[in-house]
Amino acid sequence: MLKSNFKIPENFRIKIPGDKSVSHRSVLFSSLSEGVSEITGFLEAEDPINTMKSFSKLGVDFQKKGIGNYIVNSPGKFHLKSPKEELDFGNGGTGIRLSAGLLSGLDKINTILTGDASLKKRPMKRIIEPLKLMEAQIDSINSDDKVPLKITGKKLKPISYFSKLSSAQVKSCLMLGAISSDVSLEYEEEELSRDHTENMLKFLGGKILFEKPTKFKIEPPFIFNGAKFKVPGDISSAAFFIVFGLLAEKGNLLIENVGLNPARTGILKILREMGGKIIEENIQEECGEIIGDLRIFPSELKKIEITKDLIPSIIDEIPILAIAGLFSKNGFEIRNAEDLRAKESDRIHSMVKNLKSIGVEVKEHQDGYEFEEVKSITSNLIESFMDHRIAMSFLVLKNLTKCELSIDDDTWIDTSFPDFKEIVSKLNS
Ligand code: S3P
Numbered sequence: 188m189l190k191s192n193f194k195i196p197e198n199f200r201i202k203i204p205g206d207k208s209v210s211h212r213s214v215l216f217s218s219l220s221e222g223v224s225e226i227t228g229f230l231e232a233e234d235p236i237n238t239m240k241s242f243s244k245l246g247v248d249f250q251k252k253g254i255g256n257y258i259v260n261s262p263g264k265f266h267l268k269s270p271k272e273e274l275d276f277g278n279g280g281t282g283i284r285l286s287a288g289l290l291s292g293l294d295k296i297n298t299i300l301t302g303d304a305s306l307k308k309r310p311m312k313r314i315i316e317p318l319k320l321m322e323a324q325i326d327s328i329n330s331d332d333k334v335p336l337k338i339t340g341k342k343l344k345p346i347s348y349f350s351k352l353s354s355a356q357v358k359s360c361l362m363l364g365a366i367s368s369d370v371s372l373e374y375e376e377e378e379l380s381r382d383h384t385e386n387m388l389k390f391l392g393g394k395i396l397f398e399k400p401t402k403f404k405i406e407p408p409f410i411f412n413g414a415k416f417k418v419p420g421d422i423s424s425a426a427f428f429i430v431f432g433l434l435a436e437k438g439n440l441l442i443e444n445v446g447l448n449p450a451r452t453g454i455l456k457i458l459r460e461m462g463g464k465i466i467e468e469n470i471q472e473e474c475g476e477i478i479g480d481l482r483i484f485p486s487e488l489k490k491i492e493i494t495k496d497l498i499p500s501i502i503d504e505i506p507i508l509a510i511a512g513l514f515s516k517n518g519f520e521i522r523n524a525e526d527l528r529a530k531e532s533d534r535i536h537s538m539v540k541n542l543k544s545i546g547v548e549v550k551e552h553q554d555g556y557e558f559e560e561v562k563s564i565t566s567n568l569i570e571s572f573m574d575h576r577i578a579m580s581f582l583v584l585k586n587l588t589k590c591e592l593s594i595d596d597d598t599w600i601d602t603s604f605p606d607f608k609e610i611v612s613k614l615n616s
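Each residue of the sequence shown is one higher than the one before, counting from 188 in the numbering used here.
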C-alpha cells in the first residue's frame with residue numbers, strides 16, 4: 188500500500204478553528220434571542236460570515252470584539268425586519284437551509300435567499316416540501332426546487348414529520364421554523380444526524396422531549412434572552428490533521444478544544460477500528476456540547492466495513508477518509524452514502540474522477556465507491572469542483588506523498604478553513 192514519508196514534530200499542538208455547524212447556529216439563535224448575546228470561538232470563514240451578514244440585514248447588530256468573538260444585539264424574533272436586498276449565503280448549504288426554516292416562521296418578513304454557483308445546483312426540495320406541510324410560503328423562483336428561494340414569513344402549522352433522509356439540515360430547518368413561529372414540532376429521522384440544534388435549544392431553556400434519540404417533540408414557548416454561545420473546534424476540520432497525524436512516519440499531534448458531539452465522532456470510531464491510535468483527553472461540556480483534546484500517533488491502517496448507521500456521523504469526513512484509505516491495507520470502500528452527491532459538489536463523482544486521474548482504479552457506485560489496496564499514485568491536476576473538502580483532502584495527500592499534485596482552485600478552502608494551508612506549512616517545517 189501507499190507509504191507516507193511525512194514527519195511531524197513531537198507533541199505538535201494544533202488549535203482548530205470553530206465548528207461550522209455550531210457557528211451558523213450561534214448566529215441564528217442569537218438573532219432569535221432578545222437582548223445582548225456573546226459568541227466566542229466563531230468560525231471566521233466565508234460560510235458562517237455570510238449567515239451573519241444576512242441576519243445583520245434583518246436588523247441584528249454583530250460587533251466584532253476579537254477573532255471569533257462577537258457581541259450580538261438583537262431586537263428579538265418578533266422585531267426583526269424585512270431586508271432591503273437579497274440574502275446571499277454564498278457556498279453555504281447549512282446557512283441557507285437553516286435560515287429558510289427560521290425565516291419561513293417569522294410573520295410578515297419577506298426575503299429572497301440566494302447563493303453561489305455551487306449552492307444554486309443543490310437540492311432544496313428536501314426543505315421546501317416539509318416546510319409547505321407546515322404551510323410555509325416558500326418557493327423556488329425558477330420553479331426548479333433550487334436557489335433562489337422566495338419566502339413570505341407567516342405563523343406555521345405544527346406538524347409531525349418523519350424524514351427518511353437523516354439530515355441535520357432538514358431537521359434543523361423545520362425546528363427553526365417551529366421555533367420562530369412558536370409552534371410545536373414532532374420529528375423523527377431514520378438514523379441520528381448531528382444534534383447541535385437540539386443541544387442549543389436545550390441550552391437556551393427550550394422544551395424538548397425525546398422518545399428515543401431519533402424521535403422528539405419540541406414545544407413552545409420559544410422566547411429566549413441573550414446568552415453566551417461558545418463554539419468548539421470543528422471535528423470536520425480536525426479530521427484532516429487526524430489523518431496527517433496517523434499517517435506520519437514519526438512525531439505526534441495534540442489537537443486542542445475539538446467538539447466531540449457523539450453524532451459527529453464517527454470519524455474517530457472508524458479510524459480507530461482501522462488501527463488508528465487516537466486518545467481523548469480533557470473532556471468537558473460547554474453550551475450543551477462535549478469538547479476535548481485529541482492526541483494522534485502514527486499508526487498502520489487497514490480496510491474495515493463502514494456500516495450504514497455511521498454515515499450521518501461521518502458525512503463531511505468521507506473525502507479525507509478515502510485519502511486515509513489510499514494508505515490502508517486492502518484498500519477502501521464507502522457505500523450507503525448517496526447523499527454525498529448533494530454536497531458542495533457531487534462528492535462521489537469528485538473523488539472518483541480525481542482518484543482515477545492519479546492512477547487509482549476506483550469502482551463507482553450510485554451510493555459510493557471502492558478501490559483495492561493502492562501501490563502507487565501518479566502526479567496530475569486535481570479539480571476542486573468548487574468544494575473546500577475536496578481541495579483540502581488532496582492537499583493532505585500531496586503533503587503525505589510529496590507527489591506533484593496541483594489543485595486547480597484552492598480558494599474554496601476559505602469557505603470553512605482559511606488557516607488550513609498555514610497550519611499545514613507549520614506542520615511541514
Ligand atoms: C450540517 C449537516 C450536514 C453536513 C453539513 C453541515 C449541519 O448536512 O453535511 O456540512 O450543520 O446541519 P446534512 O445534514 O444535510 O447531511
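Think of the CB as a built atom: it goes at the ideal place given N, C-alpha and C, for glycine as much as any other residue.
Quantities reported herein were computed from a predicted structural model and do not represent experimental measurements.
- Closer than 6 Å to some heavy atom of the ligand S3P: that describes the Cβ of I502.
- Using a Cβ distance threshold of 7 Å, I422 and R451 count as a contacting pair.
- The continuous alpha helix (DSSP H) containing Q356 extends over residues 355 to 368.
- Taken through DSSP and simplified to helix, strand or coil, T565 comes out as coil.
- S424 is a Cβ neighbour of F604, given a cutoff of 7 Å.
- When only Cα atoms are considered, Q324 and A365 end up about 14 Å apart.
- Taking E468 as reference, the option from I478, S532, I502 with the minimal CA-CA separation is I478.
- Out of S368, K402, S571, the CA that lies nearest to the CA of M321 is found in S368.
- Taking a 10 Å sphere around the C-beta of Q356, we find 16 or more other C-beta atoms and assign the residue as buried.
- Non-local C-beta neighbours of D248 in its own chain, meaning closer than 6 Å and more than five positions away in sequence, comprise N260, ordered along the chain.
- For E460, the enclosing alpha helix (DSSP H) covers residues 453 to 460.
- Closest by C-alpha distance to L441, out of R459, I483, M461, P407, is I483.
- The C-alpha of I569 lies about 15 Å from the C-alpha of I535.
- Just measuring C-alpha positions, the residue of L363, I346, K342, M573 sitting nearest I283 is L363.
- The beta carbons of S305 and E531 sit closer together than 7 Å.
- Annotation: the continuous alpha helix (DSSP H) that includes H575 extends over 575 to 588.
- Here I507 is not near A524, since their CB atoms are 7 Å or more apart.
- Annotated three-state conformation of T238 is helix, per DSSP.
- Membership of R313 in any beta strand (DSSP E) is not indicated; the residue belongs instead to the alpha helix (DSSP H) covering 312 to 320.
- Taking the C-beta atoms as reference points, F409 is found nearer than 7 Å to G393.
- If you ignore the 5 residues before and after K415, its C-beta comes within less than 6 Å of the C-beta of E225, all in its own chain and listed in chain order.
- In the DSSP assignment, L372 falls within the beta strand (DSSP E) that extends over 372 to 376.
- Taking C-beta atoms as the reference points, L481 and V445 count as a pair closer than 7 Å.
- According to the DSSP assignment, V611 belongs to the alpha helix (DSSP H) that extends over 607 to 615.
- Of the other Cβ atoms in all chains shown, 16 or more fall within 10 Å of the Cβ of G512; this residue is therefore buried.
- In this structure, G228 places its C-beta atom within 7 Å of the C-beta atom of V418.
- Each of S286, E551, F216 was checked against the Cα of G340, and the nearest Cα belongs to S286.
- Straight-line measurement puts the Cα of I395 at about 43 Å from the Cα of D596.
- Taken through DSSP and simplified to helix, strand or coil, K464 comes out as strand.
- C-alpha of K194 to C-alpha of Y374: approximately 47 Å in a straight line.
- Across the set D294, R309, P204, G279, the C-alpha of R309 shows the shortest separation from the C-alpha of A529.
- The secondary-structure analysis by DSSP pairs I442 across a beta bridge with I201, L481.
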